[in-house]
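First comes the structure, then the notes that go with it.
Rendered as structure tokens:
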């Protein structure tokens, strides 16, 4: 349902603004070097499905926009980390490859995969029927939309007319969810929602902490992480809704999709998939059966 890439000057300003509010440092149990990731080994059956060109390169080039903690973000050295990054790295290992992350703007990842510049995309992509017209999705997780508000401020996502709601630009919450709610407000003769768009989720979260927005809307694991990292300054607003699948992006009709599906199913079966989710505290969205193009296939 989503994450954008900050220009250096903007990033520096954001870092200064966030220094006293949002702490998006790596959670102590989670990193790309976790025990769960280190224990993963090649699955020969899955590796045999990898297209010859990718197999011969020894690398799985993965497009990602690491600005969406805890799914994908950067450590202090600028290295992509997060549970989604760990899952993608583990998929590469299962396929006998090494993951090479290609940092890109979120909007550019699907075109990059479709055009052959990246082998796979991993950036909390919601699998939708519209996106399936361009690429295939190997479904690996389910996430919903979850709102949060400042501590002790009551906000109802179904009755937020006239409120300021922070979102990360180009996410589903920005393009679909909040606009639909705002249109419903206007149709009912009520004030529209004032949608505040930010380049990164940190900035959207911080807008609520600083009182610039009444609430934020983001994917459920992202909102829960933001609440934890702000140490009591935010609270849940309403329940999770609009649950939908995340998918690893591969080229339309590519055999790589079946290889990635087999690798992820191998991880589910041997427990390494759940171990990564448990490490990051996001196991609630875990699934037992890995599918392809769930949006179209139900």
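Numbering (mature numbering (1 follows the signal peptide of the UniProt record, and there is no 0)), first residue to last: -24 to -1, 1 to 274.
The C-beta atom is built at its ideal place from N, Cα and C for all residues, glycine as well.
Note that this is a predicted model, so its numbers are computed, not measured.
Three-way DSSP call (helix, strand, coil) for residue i in this model
i: residue 173; result: strand
i: residue 182; result: helix
i: residue 56; result: strand
i: residue 319; result: Any property of residue 319 remains undetermined from this structure, which presents the chain solely from -24 to 274.
i: residue 25; result: coil
i: residue 251; result: helix
i: residue 230; result: coil
i: residue 145; result: coil
i: residue 134; result: coil
i: residue 37; result: strand
i: residue 267; result: strand
i: residue 112; result: strand
i: residue 15; result: coil
i: residue 80; result: coil
i: residue 261; result: helix
i: residue 118; result: strand
i: residue 243; result: helix
i: residue 256; result: helix
i: residue 75; result: strand
i: residue 190; result: coil
Residue closest to residue i, alpha-carbon to alpha-carbon, out of the options
i: residue 212; options: 181, 238 and 222; result: 181
i: residue 144; options: 154, 116 and 186; result: 154
i: residue 72; options: 35, 234 and 210; result: 35
i: residue 267; options: 77, 160 and 242; result: 242
i: residue 299; options: 67, 56, 58 and 61; result: This structure leaves residue 299 out entirely; the chain is present only between -24 and 274.
i: residue 121; options: 272, 197, 247 and 246; result: 197
i: residue 63; options: 170, 184, 252 and 30; result: 252
i: residue 28; options: 255, 110, 235 and 114; result: 235
i: residue 173; options: 189, 117 and 125; result: 189
i: residue 206; options: 125, 215, 230 and 245; result: 125
i: residue 84; options: 103, 33 and 98; result: 98
Through-space distance from residue j to residue i, alpha-carbon basis
i: residue 257; j: residue 79; result: 25 Å
i: residue 87; j: residue 128; result: 43 Å
i: residue 186; j: residue 25; result: 50 Å
i: residue 100; j: residue 46; result: 10 Å
i: residue 90; j: residue 248; result: 29 Å
i: residue 23; j: residue 232; result: 10 Å
i: residue 176; j: residue 147; result: 10 Å
i: residue 208; j: residue 118; result: 26 Å
i: residue 201; j: residue 171; result: 22 Å
i: residue 30; j: residue 95; result: 8 Å
i: residue 15; j: residue 38; result: 21 Å
Assigned exposure category for residue i - 16 Cβ within 10 Å defines buried
i: residue 52; result: exposed
i: residue 239; result: buried
i: residue 142; result: buried
i: residue 110; result: exposed
i: residue 273; result: exposed
i: residue 221; result: buried
i: residue 134; result: exposed
i: residue 43; result: buried
i: residue 178; result: buried
i: residue 217; result: exposed
i: residue 282; result: Lying outside -24 to 274, the shown extent of the chain, residue 282 is not represented and no answer is given.
Cβ of residue i within 9 Å of any chain B Cβ
i: residue 120; result: In the structure shown, chain B does not exist; there is a single protein chain.
Which residues DSSP lists as bridging residue i, in chain order
i: residue 102; result: 222
i: residue 70; result: Looking at the DSSP assignment, residue 70 forms no beta bridge with any residue, so it has no partner.
i: residue 50; result: 56
i: residue 212; result: 124
i: residue 139; result: Beta-bridge pairing links residue 139 to no other residue.
i: residue 91; result: Residue 91 pairs with nothing; no bridge assigned.
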